[in-house]
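K.L.:
Okay, handing you the structure first.
2 protein chains.
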Amino acid sequence: MNIIEKTENIFEHFEKFIELSEKLKSELSQRIKPIEFKKGELVLDANHICTKSYFINKGILRTYFLKDGKEISEYFSGINEWVNSPKSFILRKKDIYYIDAIESTQAYFINVNDLVYLFDNFPEMERYARLSMGSVFGHFMERIISMRFTTAKEKYDHFRKTYSDIYHRIPLGMVASYLGITQETLSRIRAEK
Amino acid sequence: MNIIEKTENIFEHFEKFIELSEKLKSELSQRIKPIEFKKGELVLDANHICTKSYFINKGILRTYFLKDGKEISEYFSGINEWVNSPKSFILRKKDIYYIDAIESTQAYFINVNDLVYLFDNFPEMERYARLSMGSVFGHFMERIISMRFTTAKEKYDHFRKTYSDIYHRIPLGMVASYLGITQETLSRIRAEK
DNA sequence: GAATAAATTTGACCTATATCAAATAATTTA
DNA sequence: TAAATTATTTGATATAGGTCAAATTTATTC
Chain A
286 MNIIEKTENI FEHFEKFIEL SEKLKSELSQ RIKPIEFKKG ELVLDANHIC TKSYFINKGI
346 LRTYFLKDGK EISEYFSGIN EWVNSPKSFI LRKKDIYYID AIESTQAYFI NVNDLVYLFD
406 NFPEMERYAR LSMGSVFGHF MERIISMRFT TAKEKYDHFR KTYSDIYHRI PLGMVASYLG
466 ITQETLSRIR AEK
Chain B
286 MNIIEKTENI FEHFEKFIEL SEKLKSELSQ RIKPIEFKKG ELVLDANHIC TKSYFINKGI
346 LRTYFLKDGK EISEYFSGIN EWVNSPKSFI LRKKDIYYID AIESTQAYFI NVNDLVYLFD
406 NFPEMERYAR LSMGSVFGHF MERIISMRFT TAKEKYDHFR KTYSDIYHRI PLGMVASYLG
466 ITQETLSRIR AEK
């Protein structure tokens, strides 16, 4: 798959929510650039402001934060998803989140300034942002429900459903911290059946 | 406080995110209407599509869903906040959420069709929606963190911080289901100290 | 303002999951 | 590919918070 085809993925993603004019496509193409990360590489350090948003083409990025010196996984992002540190990116100030690459990852990125330019000049981009945030919203609400009521096993089942395409590629310890259970408990859940 | 002053609250809320032209103010005023709910009254039945978004002026609305026949509180909304059933309102289909009034409540509402008209004709409304959703997003992320790692007591402390102005007006059972702990445990937490 | 209903508290007991510790297994690096 | 590091599993024990039941307090209704 070459670079031109990859850009098509992003356009397809936009077109789930809005129509893309040729003019907007051209402006997007000029501002969206490819980038690669090696397995284990840090994509965002929480000590810096997040100025880029990444659209994943291949691989998995993980967002996490530190609690008592330990890495707590916040979410995982696979193909055809945008990743950034939301509050940091939008408010242009530091937040608690780090981002790293669980696997070697190919992505595209756009700078926050370029995005702002697009928001200012293409009202449909505002609409895209509103609508695409809405769908992420739904996932968050579902997750809040799943975190509250389920046993550790039910939480794990929900995780596998949510991340059905990539769950098996995420190390056990990261899954455990994502679910808010211990590694030992998760290991035992996996063992039975 | 009369109706005109109340509308000012909504305008102030918008103006945290965007500038309101006189034209837009006038269009908003024509579409935003007052409504009242008695204590205990059902605002939205999950068997219907949510076609209105409510901006609270006084009182508290609660969003909840049913699990095994029991009401599970999802969130509480106080003064100067919008309330609706997000997925139902945006996607125009049924969702699991009910909304009721914990206290006698004064609110304003706008119909989804009117909102769509505003989105179509005032790009700054799209921006308002994007930016205001962003701040709700932050709260969700914080809540997901708080639900995962804290003891029941820490969860309750976080709840009191999040709802510092209204937490004492919400019945214990509703708080417990919001936090995903039992009433008994919450009662014991409240008792000590 | 009794009577009734609903919400909250208190008690006794039990279970899922945490914690601590050590053994394997898998992955990385020299 | 052997050594070293890191991840996962397994075992023994402790405990926070769940469950069930009943008492008490508070709110609602006639």
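Chains as they are written, first to last, in the numbering used here: chain A, 286 to 478; chain B, 286 to 478.
We put the CB at the ideal spot given by N, CA and C, even for glycine.
If we count the other Cβ atoms within 10 Å of its Cβ and call it buried at 16 or more, is Ile-295 (chain A) buried or exposed?
P.N.:
The residue given as residue 295 (chain A) occupies position 10 in the first sequence. By the 10 Å Cβ count, Ile-295 (chain A) comes out buried.
K.L.:
At 9 Å on the CB atoms, spell out the chain B contacts of Pro-244 (chain A), in chain order.
P.N.:
Since the first residue of chain A shown is 286 and the last is 478, residue 244 (chain A) is not available in this structure.
K.L.:
For Glu-411 (chain A), which residues in chain B fall below 7 Å Cβ to Cβ?
P.N.:
The residue you call residue 411 (chain A) lines up with position 126 of the first sequence. Chain B residues near Glu-411 (chain A): Pro-408, Glu-411, Arg-412, Arg-415.
K.L.:
Return the chain-ordered ranges of every alpha helix (DSSP H) run that is complete within the region 374-457 of chain A and spans a minimum of 4 residues.
P.N.:
Listed in chain order, the complete alpha helix (DSSP H) runs (minimum 4 residues) inside the region 374-457 of chain A are 397-406, 408-434, 437-447.
K.L.:
If you draw a straight line from the C-alpha of Ala-386 (chain B) to the C-alpha of Phe-407 (chain B), how long is it?
P.N.:
Position 101 of the second sequence, counted from the first residue, corresponds to residue 386 (chain B). Position 122 of the second sequence, counted from the first residue, corresponds to residue 407 (chain B). Roughly 32 Å separates the two Cα atoms.
K.L.:
Comparing the C-beta of Ile-375 (chain B) with each C-beta of chain A, is any distance below 8 Å?
P.N.:
For the purposes of this step, residue 375 (chain B) is taken as the residue at position 90 of the second sequence. For Ile-375 (chain B), the answer is yes, since a Cβ of chain A falls inside 8 Å of its Cβ.
K.L.:
How many Å lie between Gln-315 (chain B) and Ile-345 (chain B) at the Cα?
P.N.:
Here residue 315 (chain B) refers to the residue found at position 30 when the second sequence is read from its first residue. Here residue 345 (chain B) refers to the residue found at position 60 when the second sequence is read from its first residue. Going from the Cα of Gln-315 (chain B) to the Cα of Ile-345 (chain B) covers about 25 Å.
K.L.:
For the alpha helix (DSSP H) that Lys-474 (chain B) lies in, which residues bound it at each end?
P.N.:
Here residue 474 (chain B) corresponds to residue number 189 of the second sequence, with the count starting at 1. The sequence given here places Ile at residue 474 (chain B); Lys does not occur at that position. Taken as a continuous stretch (DSSP letters only), the alpha helix (DSSP H) holding Ile-474 (chain B) covers 468-476.
K.L.:
Pairing CB atoms from the region 300-317 of chain B with CB atoms from the region 368-378 of chain B, are three or more of them under 8 Å?
P.N.:
The region 300-317 of chain B is not in contact with the region 368-378 of chain B.
K.L.:
How big is the Cα-Cα spacing for Met-410 (chain A) and Arg-428 (chain A)?
P.N.:
Start at 1 with the first residue of the first sequence, and residue 410 (chain A) comes out as number 125. Start at 1 with the first residue of the first sequence, and residue 428 (chain A) comes out as number 143. C-alpha separation (whole angstroms): 27 Å.
K.L.:
Let me know if Asn-398 (chain A) comes out buried or exposed under the rule of 16 or more other beta-carbons within 10 Å of its beta-carbon.
P.N.:
Sequence index remark: in the first sequence, residue 398 (chain A) carries index 113 (1-based). Exposed is the call here.
K.L.:
Label Asn-287 (chain A) either buried or exposed according to how many other C-beta atoms from any shown protein chain fall within 10 Å of its C-beta, with 16 as the threshold for buried.
P.N.:
Residue mapping note: residue 287 (chain A) aligns to position 2 of the first sequence, counting from 1. Unreliable positioning characterises Asn-287 (chain A) in this predicted model, as indicated by a pLDDT of 48, which lies under 50. The coordinate reading is nonetheless provided below. Its Cβ having fewer than 16 others within 10 Å, Asn-287 (chain A) is exposed.
K.L.:
In three-state terms, what does DSSP make of Thr-336 (chain B)?
P.N.:
What you label residue 336 (chain B) is simply residue 51 of the second sequence in a count that begins at 1. The answer is coil: DSSP assigns Thr-336 (chain B) none of H, G, I, E or B.
K.L.:
Compare the C-beta of Ile-320 (chain A) with all C-beta atoms of chain B and state if any pair is closer than 8 Å.
P.N.:
By one-based count along the first sequence, residue 320 (chain A) stands at place 35. Taking Cβ atoms only, chain B never reaches closer than 8 Å to Ile-320 (chain A), which makes this a no.
K.L.:
Could you tell me which of B:Lys-438, B:Ser-462, B:Lys-324 sits nearest to Tyr-360 (chain B), measuring between CA atoms?
P.N.:
Counted from its first residue, the second sequence places residue 360 (chain B) at position 75. Comparing Cα positions, the closest option is B:Ser-462.
K.L.:
Assuming the contact rule is C-beta atoms closer than 8 Å, Lys-318 (chain B) and Phe-404 (chain B) should be a hit. Round their C-beta distance to whole Å, please.
P.N.:
Start at 1 with the first residue of the second sequence, and residue 318 (chain B) comes out as number 33. Start at 1 with the first residue of the second sequence, and residue 404 (chain B) comes out as number 119. Between Phe-404 (chain B) and Lys-318 (chain B) the Cβ distance is about 19 Å, and since that is not below 8 Å, they are no contact.
K.L.:
According to DSSP, is Glu-356 (chain B) part of a helix, a strand, or is it coil?
P.N.:
Translated into positions along the second sequence, residue 356 (chain B) becomes position 71. Three-state DSSP puts Glu-356 (chain B) in a strand.
K.L.:
Could you check whether the Cβ of Leu-313 (chain B) sits closer than 7 Å to any heavy atom belonging to the ligand PLP?
P.N.:
Annotation note on the ligand PLP: not contained in the displayed structure, which lists no ligands.
K.L.:
With Glu-307 (chain A) as the anchor, note down where its alpha helix (DSSP H) starts and where it stops.
P.N.:
Here the question's residue 307 (chain A) lines up with position 22 in the first sequence. Taken as a continuous stretch (DSSP letters only), the alpha helix (DSSP H) holding Glu-307 (chain A) covers 307-316.
K.L.:
Thr-436 (chain B) to Tyr-448 (chain B), Cα distance in whole Å?
P.N.:
Taking the first residue of the second sequence as 1, we reach residue 436 (chain B) at position 151. Taking the first residue of the second sequence as 1, we reach residue 448 (chain B) at position 163. Rounded to the nearest angstrom, the two C-alpha atoms are 18 Å apart.
K.L.:
For Ser-472 (chain B), which residues from the same chain have a beta carbon less than 7 Å from its beta carbon, with the 5 sequence-adjacent residues on both sides left out?
P.N.:
Residue numbering aside, residue 472 (chain B) sits at position 187 when the second sequence is read from its first letter. Closer than 7 Å at Cβ, skipping near neighbours: Leu-457.
K.L.:
Quick one: grab the DSSP three-state call for Glu-304 (chain B).
P.N.:
Here residue 304 (chain B) refers to the residue found at position 19 when the second sequence is read from its first residue. Correct three-state label for Glu-304 (chain B): coil.
K.L.:
Just to confirm before moving on: does the CB-CB distance between Ala-331 (chain B) and Ile-381 (chain B) stay below 8 Å?
P.N.:
For this step, residue 331 (chain B) is matched to residue 46 along the second sequence. For this step, residue 381 (chain B) is matched to residue 96 along the second sequence. Cβ distance < 8 Å, so Ala-331 (chain B) and Ile-381 (chain B) count as in contact.
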